[in-house]
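This report concerns only the one structure given below.
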Ligand code: FUC
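Residue numbers (my numbering): 115 to 833.
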């Protein structure tokens, strides 16, 4: 046995020592076999910066790992997100395995594998700790000395690991000079550890704890050359050594406290699943739902909460969730596993504030803020612009970008940036991040808009994302600029600054070419009436005014809302991952809950692999997050200046309750409904803004102080 840190960790945890209540079927993914396939079957854990995909075979645990800043590229080259590596714990055994179970409990963010072999019950637990910045993998058994085998590590860029008896270290440098390091610390209770040229062998160990840490020298600051200036070795070593001084139970407890503080804020119940179905492995539940269209309301809720799990696990205080969150095993991943700004990264963040995860939003704002200086220079070089900046469809972490230049993209991300303020009313954030970003883009549009027919202001020639001809005055830009200007006006009012410029922007907004209704009653995608009623293209760029924008609503602009329905009917209820998810939200904004549900149902039937990753295909996390946005929009909307309860409740969810959804203006909403009717609602004010609640055509108004709680009945009368 080793001493030092090993000796400090010698309090073995008996199996099942951490008492846990049974997790409901809407909060657990489980399987009766190991994963074979990364994309469709392995299960993710993550702490917002570090991530792992776990396979769980009894005789060979395979764990692929990521660090979210391991990126190729630079200011000229978008680059792509890279695989950090993979480790294997070989546990050869002669006897067959029974009672196998692999599960991801999203109420605890703990992955577990249990099985029996030769009369011994084995248990593995894994979690990624945000407070400790390490991932922990623990192997235990109910008979002492039951673990013998080998740990090996394969670095994603073929760095040769340095192997000590209790630590494996792989250090490398990517082509762009980015330094990285991963370390796996091995702690044994009982038995022995030994270093071999291939890895670390362990013999007769009672419990084995692996701690994985990693880092790079990436820094999100252009003026520091995008580097911390220090090799990651010291920090990674410190993080692991600090964690190794704590007991496993203490690390787990700290992780649970941190994770559950976020996760437990929202509870959703749309009805019970039949107990026999709820007891099935997740893969079988999905098959059931798909093939026989068996009702499984708790599976729908599981997918919603799973999106919250994925967000907490991939977006905390570092980079935002990319196209695959932060899970990627490929050095040439689909679409670079990057930040696409023609819908994808925006969709990732639509639900975050609504689903009470505001802390997970900041990485998006910080990433954008960091790349703007590069985008500004690039845009100037390309178009000779004096003010402002553009992204391109594909964006990396050093400001480099590629693929199509679409002027509206930046205004679209700026909408997320504004919305985070609208939910939180965080003035410091508004002053230091949102306002400068939004104002600079207003200046860009002030310089770019042109006079079109009838003196209306129109955007310069561009494409409606990935669809149709190049044209001026595309609805995509017209709607996004309207939105940008509206947000600017409110932002400058909130900060009480730039009154003159605000007036100017108000005047420009009034002159913008607005939405137009075309010859078949549709909302036009282009300034000219070009829409083809047979076109079912995945992009829905001319519907942004409905969602996520606020220019068109059945309550304020019913004619345009009708035209939006015509366009949505033409596009159909199918489509690929993110597009289908978006349709749930658009129909919810059009107050057609049954239509939203029909699409949601189709999505659950057709789009998720058994690990509940949404397949575009390939796997893209925007579909997972967009699904959650859709569910939020069906339950509570707040984009029109009031809290609209159950604006799109489907018949499929006649009775239910939700706790902890957020509404713009700093409100938290709990409510219950029965027989498709609201029965009670509680609104808590976090900021003291006056609140207006709407349900079924009725409204109730109330002045609030920070902390005020109001309780209303279903008819909006006070309790
Ligand atoms: C956009 C979409 C594609 C894909 C890619 C990542 O370009 O049009 O469908 O989702 O992003």
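Even for Gly, the Cβ is constructed at its ideal location relative to N, Cα and C. Please read these numbers as outputs of a predicted model, since none were measured by experiment.
Inset, instruction - Return the first residue and the last residue of the alpha helix (DSSP H) that residue 558 is part of. - result: Here residue 558 corresponds to residue number 444 of the chain shown, with the count starting at 1. It spans 549-562 - the alpha helix (DSSP H) in which residue 558 sits, taken as one unbroken run.
Inset, instruction - Mind reading off the beta-carbon distance from residue 453 to residue 436? Whole number of angstroms is fine, and I expect it under 8 angstroms. - result: By one-based count along the chain shown, residue 453 stands at place 339. By one-based count along the chain shown, residue 436 stands at place 322. Indeed they touch by this definition, with Cβ atoms about 6 angstroms apart.
Inset, instruction - Rounded to whole angstroms, what's the CA-CA distance from residue 70 to residue 473? Just pull it up for me. - result: There is no way to answer for residue 70, as the model of the chain reaches only from 115 to 833.
Inset, instruction - Using three-state DSSP, classify residue 425 as helix, strand or coil. - result: Residue numbering aside, residue 425 sits at position 311 when the chain shown is read from its first letter. Helix, per DSSP.
Inset, instruction - Taking only heavy atoms of the ligand FUC into account, decide whether any of them is closer than 7 angstroms to the Cβ of residue 454. - result: Numbered from 1 along the chain shown, position 340 holds the residue referred to as residue 454. It does: the Cβ of residue 454 is within 7 angstroms (strictly closer) of some heavy atom of the ligand FUC.
Inset, instruction - Report the residue from 487, 536, 526 and 356 whose alpha carbon sits nearest the alpha carbon of residue 512. - result: In the chain shown, counting from the first residue as 1, residue 512 sits at position 398. When only C-alpha atoms are compared, the closest one is 487.
Inset, instruction - Over the uninterrupted alpha helix (DSSP H) stretch that includes residue 505, give me the two end residues. - result: Working through the chain shown from its first residue, we reach residue 505 at position 391. Looking at the DSSP string, residue 505 is not in any alpha helix (DSSP H), and its letter there is neither H nor E.
Inset, instruction - Please classify residue 533: does DSSP put it in a helix, a strand, or coil? - result: Walking along the chain shown from the start, residue 533 turns up at place 419. Helix at residue 533.
Inset, instruction - Per DSSP, which residues does residue 255 bridge with? Please list them. - result: Counting from one through the chain shown, the residue named residue 255 turns up at place 141. Answer is 236, bridged to residue 255.
Legend entry - Buried versus exposed call for residue 232 [16 or more other C-beta atoms within 10 Å across all chains shown]: Walking along the chain shown from the start, residue 232 turns up at place 118. Residue 232 should be labelled exposed.
Inset, instruction - Taking the CB atoms as reference points, tell me whether residue 524 and residue 505 lie closer together than 8 angstroms. - result: Here residue 524 refers to the residue found at position 410 when the chain shown is read from its first residue. Here residue 505 refers to the residue found at position 391 when the chain shown is read from its first residue. The answer is yes: Cβ separation under 8 angstroms.
Inset, instruction - Tell me where the alpha helix (DSSP H) around residue 472 begins and ends. - result: Residue mapping note: residue 472 aligns to position 358 of the chain shown, counting from 1. Looking at the DSSP string, residue 472 is not in any alpha helix (DSSP H), and its letter there is neither H nor E.
Inset, instruction - Confirm the yes/no value for this check: CB of residue 507, any heavy atom of the ligand FUC, distance under 7 angstroms. - result: Within the chain shown, numbered from 1, the residue matching residue 507 stands at position 393. Yes, the beta carbon of residue 507 sits closer than 7 angstroms to at least one heavy atom of the ligand FUC.
Legend entry - Any non-hydrogen atom of the ligand FUC within 7 angstroms of residue 657 CB: Translated into the one-based positions of the chain shown, residue 657 becomes position 543. Every heavy atom of the ligand FUC is 7 angstroms or more from the Cβ of residue 657, so no.
Inset, instruction - Assign residue 163 to one of two classes, buried (16 or more other C-beta atoms within 10 Å of its C-beta) or exposed (fewer than that). - result: For the purposes of this step, residue 163 is taken as residue 49 along the chain shown, with counting starting at 1. When all chains shown are included, residue 163 counts as buried.
Legend entry - Limits of the alpha helix (DSSP H) - the one that residue 591 falls within: On the chain shown, residue 591 is found 477 positions in, with the first residue counted as 1. From DSSP, the alpha helix (DSSP H) with residue 591 extends over 589-609.
Inset, instruction - Could you tell me whether the stretch 720-740 touches the stretch 137-152, where touching means 3 or more Cβ pairs closer than 8 angstroms? - result: yes
Legend entry - Beta-carbon proximity check, residue 194 vs residue 489, cutoff 8 angstroms: As a working note, residue 194 is residue 80 in the chain shown. As a working note, residue 489 is residue 375 in the chain shown. No, these two residues do not count as a Cβ contact at 8 angstroms.
Inset, instruction - Tell me whether the beta-carbon of residue 369 lies closer than 8 angstroms to the beta-carbon of residue 243. - result: The count along the chain shown starts at 1 and reaches residue 369 at position 255. The count along the chain shown starts at 1 and reaches residue 243 at position 129. Cβ atoms of residue 369 and residue 243: closer than 8 angstroms.
Legend entry - Collapsed DSSP secondary structure at residue 822 in the structure displayed: Here the question's residue 822 lines up with position 708 in the chain shown. Coil, per DSSP.
Legend entry - Proximity test, residue 690 beta-carbon vs the ligand FUC heavy atom, cut-off 7 angstroms: The sequence position of residue 690 within the chain shown is 576, counting from 1. At a threshold of 7 angstroms, residue 690 counts as near the ligand FUC, since its beta carbon sits closer than that to one of the ligand's heavy atoms.
Legend entry - Cα-Cα separation between residue 627 and residue 665, rounded to whole angstroms: Taking the first residue of the chain shown as position 1, residue 627 is located at position 513. Taking the first residue of the chain shown as position 1, residue 665 is located at position 551. So the alpha carbons of these two residues sit roughly 13 angstroms apart.
Legend entry - Rounded C-alpha distance that separates residue 253 from residue 200: By one-based count along the chain shown, residue 253 stands at place 139. By one-based count along the chain shown, residue 200 stands at place 86. Straight-line Cα distance between these residues: approximately 18 angstroms.
Inset, instruction - Could you tell me whether any non-hydrogen atom of the ligand FUC is closer than 7 angstroms to the CB of residue 441? - result: One-based indexing of the chain shown puts residue 441 at position 327. No, the beta carbon of residue 441 sits no closer than 7 angstroms to any heavy atom of the ligand FUC.
Legend entry - contact_flag[the stretch 377-384, the stretch 753-772] where n(CB pairs < 8 angstroms) is 3 or more: yes
Inset, instruction - Using DSSP bridges, identify the partner residues of residue 277. - result: Stepping through the chain shown from its first residue, residue 277 is reached at position 163. Its beta-bridge partners are 282.
Legend entry - C-beta atoms of residue 501 and residue 561 nearer than 8 angstroms: Within the chain shown, residue 501 is the residue found at index 387, counting from 1. Within the chain shown, residue 561 is the residue found at index 447, counting from 1. Closer than 8 angstroms, so yes.
Inset, instruction - Consult DSSP for residue 334 and reduce its assignment to one of helix, strand or coil. - result: Reading the chain shown from its first residue, position 220 is the one you call residue 334. Residue 334 falls in the coil class under three-state DSSP.
Inset, instruction - Report the partner residues of residue 805 according to the DSSP bridge assignment. - result: Numbered from 1 along the chain shown, position 691 holds the residue referred to as residue 805. Answer is 816, bridged to residue 805.
Inset, instruction - Following the continuous beta strand (DSSP E) through residue 293, name the residue where it begins and the one where it ends. - result: Translated into the one-based positions of the chain shown, residue 293 becomes position 179. Element bounds for residue 293: 293-303.
Legend entry - Straight-line Cα distance separating residue 418 from residue 818: Numbered from its first residue, the chain shown carries residue 818 at position 704. Numbered from its first residue, the chain shown carries residue 418 at position 304. Distance between the alpha carbons of residue 818 and residue 418: 30 angstroms.
Inset, instruction - Indicate whether residue 355 and residue 344 have their beta-carbon atoms separated by less than 8 angstroms. - result: Locating residue 355 in the chain shown gives position 241, counting from the first residue. Locating residue 344 in the chain shown gives position 230, counting from the first residue. Not in contact: residue 355 and residue 344 (Cβ atoms no closer than 8 angstroms).
Inset, instruction - Within the same chain, show all residues whose beta-carbon is closer than 8 angstroms to that of residue 514, passing over the 5 residues directly before and after it, in chain order. - result: Reading the chain shown from its first residue, position 400 is the one you call residue 514. Excluding residues within five positions, the ones whose Cβ falls inside 8 angstroms are 187, 188, 189, 190, 191, 192, 193 and 488.
Inset, instruction - State yes or no: is the C-beta of residue 729 nearer than 7 angstroms to some heavy atom of the ligand FUC? - result: The count along the chain shown starts at 1 and reaches residue 729 at position 615. No, the ligand FUC has no heavy atom inside 7 angstroms of this Cβ.
Inset, instruction - Look up residue 729 in the DSSP assignment and give the residues it is bridged to. - result: Here the question's residue 729 lines up with position 615 in the chain shown. Paired residue(s): 733.
Legend entry - Three-state secondary structure (DSSP) of residue 288: Residue mapping note: residue 288 aligns to position 174 of the chain shown, counting from 1. DSSP places residue 288 in coil when its eight states are reduced to three.
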